[in-house]
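Visitor: Numbering (our numbering), first residue to last: 2 to 48.
All C-beta atoms, glycine included, are put in the ideal place defined by N, C-alpha and C.
A quick note: this is a predicted structure, and the numbers were derived from the prediction, not measured.
Structure follows, in structure tokens:
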């Protein structure tokens with residue numbers, strides 16, 4: 002998953018356990034808060 006913002010782009014891998022949930026709740030163009038640990042997504046929220 003890649004997020005683009007004012008500071009540029011950031012990419013994190015989505016763990017298999019979260020992939021279906023992320024695909025169901027988020028779409029291209031959504032505004033989000035994202036946190037990653039290393040290169041793996043740990044938190045994603047619409048803003």
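What residue from 2, 47, 8 and 10 has the CA that sits closest to residue 32's CA?
Guide: Nearest of 2, 47, 8 and 10 to residue 32, Cα basis: 47.
Visitor: Compare the C-alpha of residue 38 against each of 23, 11 and 30 and name the closest.
Guide: Comparing Cα-Cα distances from residue 38 to each of 23, 11 and 30, the minimum goes to 11.
Visitor: With C-beta atoms as the reference, is residue 18 less than 8 Å away from residue 41?
Guide: No, they are not a contact pair.
Visitor: In the DSSP assignment, what residue or residues form a beta bridge with residue 43?
Guide: Bridge partners of residue 43: none, in fact.
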